[in-house]
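Remarks on the structure that follows.
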Amino acid sequence: MLDRKNLSLLAPAAICLAMWGGMVYANIDARLQSLLLGSVAAIAFAYQQAKLKPLPLRAPRLAWFPKYRCRCQLAESIRTSAEPLREIALRLEPLGFECDRQTPLALHFTRGQAQGDFHIRLAKLSVTVTIPAEGEVELTVKADWLVAFDTGDLWRQTDELKRTLEMDAAKPSPLAAAA
Numbered sequence: 001m002l003d004r005k006n007l008s009l010l011a012p013a014a015i016c017l018a019m020w021g022g023m024v025y026a027n028i029d030a031r032l033q034s035l036l037l038g039s040v041a042a043i044a045f046a047y048q049q050a051k052l053k054p055l056p057l058r059a060p061r062l063a064w065f066p067k068y069r070c071r072c073q074l075a076e077s078i079r080t081s082a083e084p085l086r087e088i089a090l091r092l093e094p095l096g097f098e099c100d101r102q103t104p105l106a107l108h109f110t111r112g113q114a115q116g117d118f119h120i121r122l123a124k125l126s127v128t129v130t131i132p133a134e135g136e137v138e139l140t141v142k143a144d145w146l147v148a149f150d151t152g153d154l155w156r157q158t159d160e161l162k163r164t165l166e167m168d169a170a171k172p173s174p175l176a177a178a179a
C-alpha cells in the first residue's frame, strides 16, 4: 500500500509523463527531452525529500527548497475555547485554507492549485497544525508540488499564519461599544 509521502511523488511523475508526451508530439530532440525531464524530476524529488526548516526571524533573500516549521503559542481565545481545533480551522478559513483531514496528532489544511500562477496567494500549499498541547502547536508549511526557491513569499505566508494563530481577534473597545 502506498503511503501519503509516496503518493506525493506521483504528481511530479504524472507531470513529467505529460511533458514527455507533449515533447514527443512536438518532435523535440530526445537529448533535450531527457535534459528537461531529468531536471524537473530531480527538482521535484529533491523538494519532496528536503527537510522542514525552522522559520527564520527575517524573510530570506533566497532559500532553496523552502519548507518551514515553527512553534506557535496559541491565542488566549483558542486556548480557552471549548473546541480549540474548530477555532484553529475558523482562523485559517479567511486565508483560504480548508481542513482536509484530522489525524490523532494534527490538522491538515490545503489551499490553492498546483498549476497555473506562481503567486503565493494562489499556489497549492499544505499546512499542518499539531494538536494543541499546553497552548502550543507546531505549524508546518510547504508547497504541495515543488518550489525550487523562496524569495520571501512563502516565509511571509508562514509568518502570517503564525500571527493568525497567536493573536487574539481585535476586541471592540468599551468606548466604541458605548457609542
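Here full-length UniProt numbering is used: the first residue of the sequence shown is 1, the next is one more, and so on.
All C-beta atoms, glycine included, are put in the ideal place defined by N, C-alpha and C.
Check your understanding: Count the other CB atoms within 10 Å of the CB of Thr158; is the residue buried (16 or more) or exposed (fewer)?
Key -> buried
Review point. Can we say the segment 27-43 touches the segment 93-112, given the rule of at least three CB pairs closer than 8 Å?
Key: no
Check your understanding: Gly21 to Val127, Cα distance in whole Å?
Key -> 32 Å
Practice item. From the DSSP output, read off the bridge partner residues of Ser126. Key: Thr110 and Lys142
Practice item. Determine the DSSP secondary structure at Lys53, reduced to helix, strand or coil. Key: strand
Exercise for review: Return the Cβ separation of Cys16 and Lys162 in integer angstroms, given the expectation that the two are a contact with Cβ distance under 8 Å.
Suggested key: Not confirmed; about 34 Å, so no contact.
Review point. Going by the CB atoms, is the gap between Gly152 and Pro60 shorter than 8 Å?
Key: yes
Exercise for review: Run the CB neighbour count on Lys51, radius 10 Å, all protein chains shown included, and call it buried at 16 or more, exposed below.
Suggested key: exposed
**Study point:** Buried versus exposed, by CB contacts within 10 Å (16 or more), Phe149
**Key:** exposed
**Study point:** Under 8 Å between C-beta atoms of Ala75 and Glu138
**Key:** no
Check your understanding: Alpha carbon to alpha carbon, what distance is there between Cys72 and Lys124?
Key -> 22 Å
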